[in-house]
Amino acid sequence: MTFLEHLTPSDETGMIRESAEKWTGGISDSDVRASKGFSSTRWADMAEMGWHGLLADPDHGGLGLGPAALSLLCQAIGRARLPEPFVASSVVCVGTLTSIGQDVTALVDGSTIAAPAGFGLPCDGVSSTITASAGAGGHHLTGTLGICEAGPDTTEFLVATKRAEALYRLPRTTEGLTVRPYGAIDGRPLARLAFDCVVPAEALITSGNAARAAIRRGNALAVSALTADATGTIEKAIDLTTAYIDERNQFGQPLAAFQALRHMVADRLVELEAARSMTDLAAFAAEDAGDAGDPKQLHDRVRARICRAAQTVGQTAIQLHGGMGMTDEMAIGHYFRRLIFLQAMMGQEAGALRDRAATLAADIEMQREVVQ
Amino acid sequence: MRDQGARDFQDERDHIDFLLDDELRAFRRDVRAFLRDAVPQETRDRIDRGYAATKPEIVDFLAKLSAKGWVAPAWPAEYGGPGWTQLQRMVYSTELARNAAPSIPPFGVSMIGPVLYTFGTQAQKDKYLPGILSGEDFWCQGFSEPGSGSDLASLRTKAEDKGDHYLLNGQKIWTSKAQYADRIFLLARTDEAPRKQGGISMFVLDMDTPGIVVKPIISIDMNHSLNEVFFEDVKIPADGLVGERGKGWDYAKFLLGNERTGITNVGRCRRQVERLKRLARADLIPGVDLSKDGAFLRDLARVEADLTALEISEIRILSQGKNGPSAMTGPSVLKLASAQIQQTLAELIVSTLGHYAAGRGAEFIDAFDDLGGLPPDFVDGALNEYLFGRAVSIYGGTNQIQRDILARAALETRP
Ligand SMILES: Cc1cc2nc3c(=O)[nH]c(=O)nc-3n(C[C@H](O)[C@H](O)[C@H](O)COP(=O)(O)OP(=O)(O)OC[C@H]3O[C@@H](n4cnc5c(N)ncnc54)[C@H](O)[C@@H]3O)c2cc1C
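Line order of the protein sequences matches chains W and Y. Quick note, the first sequence lines up with residues 485 to 856 if you use our numbering. Quick note, the second sequence lines up with residues 4 to 418 if you use our numbering.
Written out as structure tokens, the structure is:
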């Protein structure tokens, strides 16, 4: 598929977009608030629409679609600020497992939920600190992970070990696996994981180059999905803000009449387009399963740009709401916090720039050597 | 977390040391010796990490300050202030922040106090100033209304003259700390006037007066400091009128000037620079040593240079007083610069947290308790400060309003 083809949604992808917009359009802000981080009804609805299996093969009950469709879905999820672990389970885990031919039927029908641990989320490619050693009774996993998108309903973990050497698939009930729950800044559940467990050899689902390729796939899908989620969130934050300043009057006129604010809105529209472009780029990069060279080259730039867009749009949205922007009651503050969550999961702009700068420095060094 | 540790830092040189003479250094020694004991360790830790002080912590601390006569550093001696110079005040506020002391609530000390001693009656001075100086009376500010934020002069709360009292009806919003305030100062319309600024009067009132209802507003950091305050047929005794009837707008402008210069928080900003250095050593981002990260250091250096300029601007502008060249624009300049610096510092702090910026709350801290001394509690407080800190460019007149004031002072043309 060429990039221009990628930019033109196929009929199937177009249908996904339509159904996503229709469904999320029926979810109100108070519904989202009331669900406090997870709604099993919504998870079941998503299953019914086939979303959990978007990336899965048809013989596992999936739709067999690709990142382009996924990206549209994640934008709709961001716009509606749904807290469910769609990216964690249905994108990163289903996508990674599918790439190595694992059974994902239960994930696809919505009866189980998986969380990636040590890869994918956060998506800045920081490598896992979990170690594994094979012994007589099985494989011994040790180490801790500070952040994993796992909630009370998570049933299994997909665990990457150090340097992406191996991928394990473990049920939540694994003895010696401690899940310590806490809340994210946007209200969804997260957890810190501590591993000190001996697992059967079958838990190791892939290792070596195959594991590295699978984990790369998971990371690429995560970057694409989080970027798309951020773009949807940014779009909605801008919509809420423009609606607010069109509505609110001060000094006998709508706030939107003040040029200072109009220009701020205009600048944020520039951010939005950059975000959309990075979303298309990240989805296209994820389309190409693995042989596009070093994806980091691209991911660092995507993360840097989307994080900056998220930051400036979020802050502007609060500022333009004045005191109302500071309240928990208004939706805008929740979008702001979702943007903070997404930035953290992408390693923040500073992290992305740091990574990119290191690559640029290496490029410069190489050119110097060539010249000499 | 107290980085003074066991060593005696009584004479430690700091960033303003070169501005001080021996007398000021001796003054600083006194302040340091006092504050070292006056702020309990637990309070110090919580505040250092970005949490708001609780009311009991504030009460306790103000009582200690009051015994020294240090509650209202900017007040003239004749009204019970310590009569300090601008440099002494600078030293004092730097030391308060360095010790992560609860901040002195501005509503009594910086806002209504100066209005009362400048425009109030003798009876009002006698009645209200002592409670402010002792730290016993908590005040809140009833200016903003749902329909009147930036356009404050459009306010609609009404106070009808009934002879021995005014009858108050209407609503205020964003009233910080009203939930535990003993008194409120407020603006209300007493007369219809051709200009909307005319006809506004300022009042002081006890919060336990019948007819006042306070409702909480939870903010985006999930804390409660904001409120709505409703007035239904509240009787303000006639002697609650401040100064002259219909002159409320002038007093409000006087008060807002003090509010704006009072919220520069340069001391806390200095403290934030120190926290940043510490967080840079906490290695929260795997594989990254921020103390060697050029981009981080450059950002820190830039905001620290901005802060230095702000510190000096504050001393320069405030010591020149009412007749100085920056008297009209000073408060807006200081407020704008400080809002930018405070928000940049909070952002930089969040950028040192890496992935930890995703988590929030007590469970988050508990989940890491086995690691001993790890920063998640820094982390949670830092996010608190980042989130609530978005308001710095909103309260006390938004950044946009400050820019309008400055542009108005410089330009002939009116939009
Ligand atoms: C944390 C916090 C604490 C507060 N504490 C108090 C308190 O204790 N007592 C009290 O009385 N008030 C308090 N306030 C209220 C504060 O003063 C108001 O929020 C502020 O004046 C802005 O008013 P608003 O919220 O109605 O926003 P609006 O005036 O509706 O402004 C919304 C946006 O429009 C912009 N805007 C408005 N007019 C113009 C213009 N002419 N040109 C360009 N842009 C414009 C603003 O800059 C802002 O970005 C507090 C507010 C906050 C957030």
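Glycine residues also receive a C-beta, built at the ideal position from the N, C-alpha and C atoms.
Smallest Cα separation from Y169/Y: which of K128/Y, A304/Y, L208/Y and A156/Y? L208/Y
Bridge-paired residues (DSSP) for T218/Y: Reading off the sequence, residue 218/Y comes out as Lys, not Thr. DSSP, once it has assigned bridges, lists E231/Y as partnering K218/Y.
Chain W contact residues for Q144/Y, given Cβ-Cβ distances below 9 Å: In chain order: nothing, as chain W lies at least about 13 Å away.
Beta-carbon separation of G545/W and V592/W under 8 Å? yes
Just the Cα atoms here: how many angstroms apart are D680/W and T615/W? 10 Å
R186/Y - DSSP class collapsed to helix/strand/coil: strand
Roughly how many whole angstroms lie between the Cα atoms of P76/Y and A365/Y? Near 36 Å, if we compare the C-alpha coordinates of A365/Y and P76/Y.
C-beta neighbour in chain W for W73/Y, strict 8 Å: no
Might you give, ordered along the chain, the residues of its own chain that have their beta carbon closer than 7 Å to the beta carbon of A504/W, omitting 5 neighbours on each side? Closer than 7 Å at Cβ, skipping near neighbours: L556, L557 and A560.
Mind checking which residues open and close the beta strand (DSSP E) that includes P164/Y? Here residue 164/Y is Asp; the residue named in the question, Pro, does not match the sequence. K161 to D164 is the span of the beta strand (DSSP E), which, as asked, contains D164/Y.
Taking 7 Å as the cut-off, is the beta-carbon of I397/Y closer than that to any non-hydrogen atom of ligand 1? Relative to the non-hydrogen atoms of ligand 1, the Cβ of I397/Y comes within a distance shorter than 7 Å of at least one.
Quick one: measure Cβ to Cβ for V336/Y and L409/Y, integer angstroms, because I've assumed they're closer than 8 Å. 7 Å
So is the beta-carbon of A255/Y under 7 Å away from any non-hydrogen atom of ligand 1? no
What residue range is occupied by the uninterrupted beta strand (DSSP E) comprising K175/Y? H168 to I176
Check whether Q827/W and Q795/W have beta carbons under 8 Å apart: The answer is yes: Cβ separation under 8 Å.
Once the 5 residues before and after D11/Y are set aside, which same chain residues still bring their CB inside 6 Å of it? No answer about D11/Y holds up, because its pLDDT of 45 lies below 50 and its placement is not dependable.
Show which residues of chain Y have a CB atom less than 7 Å away from the CB atom of Y666/W. G362, G364, E366, F367 and A370
For S612/W and A644/W, believed in contact at Cβ under 8 Å, the rounded distance: 5 Å
State yes or no: is the C-beta of L136/Y within less than 8 Å of the C-beta of Y120/Y? no
Taking DSSP's pairing of strands, which residues face R676/W in a bridge? R664/W
Below 7 Å CB to CB, which residues in the same chain sit around A685/W once its five sequence neighbours on both sides are set aside? G622 and H623
Residues in its own chain within less than 8 Å of A56/Y by CB, not counting five upstream and five downstream? Correct list, in chain order: T46, R49, I50, F64, P105 and S106.
Can you list, in chain order, the residues of its chain with a C-beta nearer than 6 Å to that of Q7/Y? Leave out the 5 residues immediately preceding and following it. The predicted model places Q7/Y with a pLDDT of 42, which falls under 50 and marks its position as unreliable, so this point remains unresolved.
Kindly indicate which three-state DSSP category W507/W falls into: helix, strand or coil? helix
Cα-Cα separation, F21/Y to W142/Y: 37 Å
Inter-residue Cα distance where the pair is D383/Y and L605/W: 20 Å
Can you say whether V879/W is buried or exposed, counting buried as having 16 or more other CB atoms within 10 angstroms of its CB? Here chain W has residues from 485 to 856 only, and residue 879/W is not among them.
Mind reading off the beta-carbon distance from R248/Y to S204/Y? Whole number of angstroms is fine, and I expect it under 8 Å. 5 Å
Q323/Y to A330/Y span [Cα, whole Å]: Cα to Cα, Q323/Y sits roughly 8 Å from A330/Y.
Please list, in chain order, all residues of the same chain as P334/Y whose beta carbon is under 6 Å from its beta carbon, the five residues on each side excluded. In chain order, G260, R263 and T264 place their CB closer than 6 Å to the CB of P334/Y, counting only its own chain and leaving out the 5 sequence neighbours on each side.
How many Å lie between Y666/W and A845/W at the Cα? 38 Å
Quick check on the DSSP output: the beta strand (DSSP E) that includes S179/Y runs from which residue to which? S179/Y -> no beta strand (DSSP E), and no H or E assigned at all.
Indicate whether S341/Y and I266/Y have their beta-carbon atoms separated by less than 8 Å. yes
Got a sec: does ligand 1 put a non-hydrogen atom nearer than 7 Å to the Cβ of D407/Y? yes
Determine whether the beta carbon atoms of A620/W and L654/W lie at a separation below 8 Å. no
Same chain, Cβ closer than 7 Å to S69/Y, neighbours up to 5 away in sequence not counted: L136, S137 and G138
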